[in-house]
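Peer 1: Residue numbers (my numbering), protein chains in the order written: chain A, 143 to 508; chain B, 143 to 508.
Glycine included, every Cβ here is placed at the ideal spot set by N, Cα and C.
Dumping the structure here so I can ask a few things about it.
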């Protein structure tokens with residue numbers, strides 16, 4: 143892995159392009175967008191750690207975006223945590239956005255629990271269990287509406303940072319990637335230190351079988367891939383990128399989920415690829431149990447930037463746990479951090495950010 | 143009436159401040175926001191002309207914003223028209239926004255028919271018939287969520303232009319104004335040449351009686367005024383202004399409805415008043431059957447700007463009818479026109495705009 147850094151941002155892949163992308167956004171004012179969605183897939187035991195109990199994961203997307211917009215959650219007490227009590231990465235995102243005075247907007251691809259804050263509705267419904275082979279209704283309409291939103295927002299903001307929150311999202315991403323012929327088996331990420339790869343592959347294979355879809359059969363039909371084994375977040379996120387990236391740079395904030403979005407984007411419009419980068423965290427690119435780069439390189443030559451956050455010396459065990467492989471990324475935490483650093487031209491560092499995160503941790507979790 | 147103009151914008155009230163406001167926004171990039179809502183009040187026969195039949199008025203807000211975002215309506219054929227076939231002012235708004243490349247966003251305070259385009263949901267419900275005295279649920283929550291949206295959007299856009307679409311809206315505005323002690327009897331506007339003032343007053347008085355509210359009794363309780371005899375558009379619009387106007391100028395686009403919003407805004411936060419102006423059309427300020435200035439001066443010293451549109455020499459009777467008192471304003475038509483002129487520093491004129499409107503009329507109506 144390369145160790146070249148600008149500010150506290152690691153140029154993790156496609157170094158020169160990554161550096162050029164960072165130059166483009168330096169000092170500029172972004173809009174942060176969090177795309178939320180839900181999938182019944184998240185309730186399969188052992189798959190997702192984005193909630194204290196499987197039932198609570200339904201509240202996680204809503205609670206995450208409430209945290210971003212209000213500074214605290216409204217639909218649940220405290221903040222979303224893993225079964226071990228490790229807090230949501232939205233804590234990082236919120237801290238970064240507040241420190242850098244970056245505005246945010248919520249977009250819903252389709253969620254079961256609606257957030258108690260303003261959100262852009264695209265008419266989508268919550269996603270089903272992908273084992274049925276019928277995962278997402280109206281994927282095309284969600285994508286088209288998101289594209290309209292992306293076009294309009296790109297005419298206001300200097301650039302966009304788009305993140306997501308959908309428990310179970312790495313499994314649905316794996317579904318879309320496999321259906322589109324991108325071999326992501328054993329490469330997708332997990333919010334748990336021990337990545338349940340086999341379970342994820344089993345779930346996806348069950349879905350592909352139910353939909354009568356073989357590996358790679360939908361390489362040129364991304365909407366069908368989403369409909370069969372994806373989730374409603376993916377077409378919403380992809381539509382935003384497709385609508386916006388012709389006019390402004392788009393930092394796609396996340397890990398595995400973002401790779402599935404990228405595959406969809408690429409098959410609609412290769413032209414926008416020159417104006418996007420992936421923004422994630424060091425915990426993702428250092429993860430031995432997954433391989434983001436190995437997925438991305440099968441799709442397109444896109445730079446990967448990684449926020450060099452370091453929680454090893456945090457005062458709080460709940461944050462230190464990030465260094466042991468818990469959570470790692472989500473709710474655009476890495477991308478929001480990179481945007482905060484770029485907007486402040488490096489004045490905001492990993493250290494100042496950790497201080498802010500700890501302050502918020504103390505207020506909300508401790 | 144003053145006739146001083148800048149570009150084709152009439153400084154209709156508070157000339158010096160109006161000029162200063164125009165200077166502030168000249169050459170800048172706005173975001174246009176259309177706030178939609180619905181009220182059962184619109185179905186009272188003889189009250190609203192914002193639809194071919196009373197039942198069709200329910201589709202008007204959705205169709206209006208579809209026209210803005212898509213260039214054509216989706217939930218109805220053609221475009222919304224009055225019973226006489228005169229087309230929606232959204233035709234003007236859409237033409238102005240497209241000509242000046244101004245992006246737009248839809249915000250819903252609560253609507254019965256949901257638009258088939260992206261819209262910001264504030265959790266509000268469609269409004270009831272104000273004769274029951276129970277017009278709007280959760281007015282406070284709508285306002286608070288809109289305020290959050292306004293704060294975030296004002297951190298992206300250089301300024302905001304906010305318009306509205308709610309059939310029956312002049313009657314609910316009259317309700318809020320009277321409840322708050324602003325004597326708007328005989329002063330509110332109408333989309334018909336013959337303004338049914340007496341019917342509107344009767345409807346509002348029935349509502350006030352049902353809610354046990356006397357004239358002026360809610361001067362300091364705007365949310366109760368909205369809850370009893372208002373509509374869900376008003377708190378959404380007011381919240382956006384309250385959230386945004388501390389940071390950027392806000393052009394409140396409309397006539398009577400905007401005066402009710404202004405009354406609500408003022409009673410929450412007088413400080414923002416210095417950063418707002420009203421943007422409307424010449425047809426509103428020349429209307430002998432209403433008196434916008436007479437309402438506004440009871441509330442605050444806010445400049446009124448009026449787009450000097452002239453349809454008298456249009457090729458189309460449906461547009462000429464605007465000169466005979468049909469429609470007059472709505473969907474932020476006046477404000478969008480002013481914003482287009484200001485953004486282009488006067489390059490876009492009333493004449494070039496009419497050309498564009500006629501092109502769209504031909505495509506969609508004729």
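Could you tell me whether the stretch 296-313 of chain A touches the stretch 192-211 of chain A, using the rule of 3 or more Cβ pairs below 8 Å?
Peer 2: With a cut-off of 8 Å, the stretch 192-211 of chain A and the stretch 296-313 of chain A count as touching, because enough Cβ pairs lie within range.
Peer 1: Please return the same chain residues whose Cβ sits closer than 8 Å to the Cβ of residue 346(A), not counting the five positions on each side in sequence.
Peer 2: Taking the first residue of the first chain as position 1, residue 346(A) is located at position 204. Hits under 8 Å: 272, 313, 316, 317, 320 and 371.
Peer 1: Mark residue 489(A) as exposed unless 16 or more other C-beta atoms lie within 10 angstroms of its C-beta, in which case mark it buried.
Peer 2: Position 347 of the first chain holds residue 489(A). It counts as exposed.
Peer 1: Run through chain B and tell me which residues come within less than 8 Å of residue 246(A), C-beta to C-beta.
Peer 2: Here residue 246(A) is taken as the residue at index 104 of the first chain, counted from 1. Within chain B, the residues near residue 246(A) are 294.
Peer 1: Per the contact definition of three or more C-beta pairs closer than 8 Å, is the stretch 261-281 of chain B in contact with the stretch 225-244 of chain A?
Peer 2: Result no; under three Cβ-Cβ pairs closer than 8 Å.
Peer 1: Taking the alpha carbon of residue 190(A) as the reference point, which residue from 165(A), 223(A), 158(A) and 173(A) has its own alpha carbon closest?
Peer 2: In the first chain, counting from the first residue as 1, residue 190(A) sits at position 48. Considering only alpha carbons, the answer is 223(A).
Peer 1: Which term fits residue 163(A), buried or exposed, when burial requires 16 or more other beta carbons within 10 angstroms of its beta carbon?
Peer 2: Reading the first chain from its first residue, position 21 is the one you call residue 163(A). Residue 163(A) comes out buried.
Peer 1: Counting only C-beta atoms, is residue 433(A) closer than 8 Å to chain B at any point?
Peer 2: Working through the first chain from its first residue, we reach residue 433(A) at position 291. By this cut-off, residue 433(A) is not an interface position.
Peer 1: Under 8 Å: do the stretch 382-392 of chain B and the stretch 429-444 of chain B share three or more Cβ pairs, one atom per stretch?
Peer 2: No, they do not touch.
Peer 1: Using a Cβ cut-off of 8 Å (strictly closer), state whether residue 287(B) contacts chain A.
Peer 2: Here residue 287(B) refers to the residue found at position 145 when the second chain is read from its first residue. With 8 Å as the cut-off, residue 287(B) counts as an interface residue toward chain A.
Peer 1: For residue 290(B) and chain A, any beta-carbon pair shorter than 8 Å?
Peer 2: Locating residue 290(B) in the second chain gives position 148, counting from the first residue. Taking Cβ atoms only, chain A reaches closer than 8 Å to residue 290(B), which makes this a yes.
Peer 1: Starting from the beta carbon of residue 222(B), find every residue of chain A whose beta carbon is closer than 7 Å, and list them in chain order.
Peer 2: As a position in the second chain, residue 222(B) is number 80, starting the count at 1. Neighbours of residue 222(B) on chain A: none; closest Cβ ~20 Å, over 7 Å.
Peer 1: Do we get a CB-CB distance below 8 Å when we pair residue 301(A) with the residues of chain B?
Peer 2: Position 159 of the first chain, counted from the first residue, corresponds to residue 301(A). Not closer than 8 Å to any Cβ of chain B, the Cβ of residue 301(A) fails to qualify, so no.
Peer 1: Are the C-beta of residue 143(B) and some C-beta of chain A separated by less than 8 Å?
Peer 2: Here residue 143(B) is taken as the residue at index 1 of the second chain, counted from 1. With a pLDDT of 49 at residue 143(B), under the threshold of 50, the modelled position of that residue is not reliable, and the figure given next carries that caveat. Residue 143(B) does not count as touching chain A.
Peer 1: Mapping DSSP to helix, strand and coil, what is residue 147(A)?
Peer 2: For this step, residue 147(A) is matched to residue 5 along the first chain. It is a strand residue.
Peer 1: Which residues of the stretch 255-266 of chain B have a Cβ closer than 8 Å to any Cβ of chain A? Give them in chain order.
Peer 2: Here the close residues are 256, 258, 259, 260, 261, 262, 263, 264 and 265.
Peer 1: Is there a Cβ of chain B sitting closer than 8 Å to that of residue 502(A), yes or no?
Peer 2: In the first chain, residue 502(A) corresponds to position 360, counting from 1. Output row for residue 502(A): interface = no.
Peer 1: Got a sec: which bits of the stretch 161-179 of chain A sit with their beta carbon under 8 Å from any beta carbon on chain B, in order along the chain?
Peer 2: Within the stretch 161-179 of chain A, the residues whose Cβ lies closer than 8 Å to some Cβ of chain B are 171 and 173, listed in chain order.
Peer 1: Checking contacts by CB at 8 Å: is residue 297(A) closer than that to chain B?
Peer 2: Translated into positions along the first chain, residue 297(A) becomes position 155. Cβ-Cβ to chain B under 8 Å: yes for residue 297(A).
Peer 1: Note down the Cα distance separating residue 211(B) from residue 428(A), rounded to an integer number of angstroms.
Peer 2: In the second chain, residue 211(B) corresponds to position 69, counting from 1. In the first chain, residue 428(A) corresponds to position 286, counting from 1. Computed Cα separation, rounded: 43 Å.
Peer 1: At 9 Å on the CB atoms, spell out the chain A contacts of residue 243(B), in chain order.
Peer 2: Along the second chain, one-based indexing puts residue 243(B) at 101. Going along chain A in sequence order, the residues near residue 243(B) (Cβ under 9 Å) are 297.
Peer 1: Which residues in chain A sit within 7 Å of residue 211(B), going by Cβ to Cβ distance?
Peer 2: Reading the second chain from its first residue, position 69 is the one you call residue 211(B). Chain A residues near residue 211(B): 290.
Peer 1: By alpha-carbon positions, which one of 368(A), 465(A) and 287(A) ends up nearest to residue 216(B)?
Peer 2: Position 74 of the second chain, counted from the first residue, corresponds to residue 216(B). When only C-alpha atoms are compared, the closest one is 287(A).
Peer 1: Would you be able to state if there are at least three C-beta pairs under 8 Å between the stretch 243-253 of chain B and the stretch 171-182 of chain B?
Peer 2: Enough Cβ pairs lie closer than 8 Å, so yes.
Peer 1: From the DSSP secondary-structure annotation, give me the bridge partner or partners of residue 449(B).
Peer 2: As a working note, residue 449(B) is residue 307 in the second chain. Residue 449(B) pairs with 151(B) and 423(B).
Peer 1: According to the Cβ coordinates, are residue 377(B) and residue 365(B) closer than 8 Å?
Peer 2: Position 235 of the second chain holds residue 377(B). Position 223 of the second chain holds residue 365(B). Yes, the pair counts as a contact, with Cβ atoms nearer than the cut-off.
Peer 1: Would you be able to state if there are at least three C-beta pairs under 8 Å between the stretch 331-340 of chain B and the stretch 260-271 of chain B?
Peer 2: Touching, no.
Peer 1: CA-CA distance, residue 464(B) and residue 155(B)?
Peer 2: Position 322 of the second chain, counted from the first residue, corresponds to residue 464(B). Position 13 of the second chain, counted from the first residue, corresponds to residue 155(B). Residue 464(B) and residue 155(B): Cα-Cα distance of roughly 22 Å.
Peer 1: Contact check, residue 421(B) vs residue 476(B) under 8 Å by CB: the rounded distance?
Peer 2: In the second chain, the residue the question calls residue 421(B) occupies position 279. In the second chain, the residue the question calls residue 476(B) occupies position 334. That pair is a contact at about 5 Å.
Peer 1: Helix or strand or just coil, what does DSSP make of residue 262(B)?
Peer 2: For this step, residue 262(B) is matched to residue 120 along the second chain. In this structure, residue 262(B) counts as strand in the three-state DSSP scheme.
Peer 1: Within 10 Å of its beta-carbon, does residue 399(B) have 16 or more other beta-carbons around it, so buried, or fewer, so exposed?
Peer 2: Indexing the second chain from 1 puts residue 399(B) at position 257. Residue 399(B) comes out buried.
Peer 1: State the DSSP-derived secondary structure class of residue 397(B), mapped to helix, strand or coil.
Peer 2: Within the second chain, residue 397(B) is the residue found at index 255, counting from 1. Here residue 397(B) sits in coil by DSSP.
Peer 1: If you drop the 5 nearest sequence neighbours on each side, which residues of the same chain put their C-beta closer than 6 Å to that of residue 143(B)?
Peer 2: Mapped onto the second chain, residue 143(B) falls at position 1. Note that residue 143(B) scores 49 on pLDDT, short of 50, meaning its location in the model is unreliable and no value can be drawn from it.
Peer 1: CA-CA distance, residue 256(B) and residue 444(A)?
Peer 2: Stepping through the second chain from its first residue, residue 256(B) is reached at position 114. Stepping through the first chain from its first residue, residue 444(A) is reached at position 302. Each residue's Cα considered, the two are about 38 Å apart.
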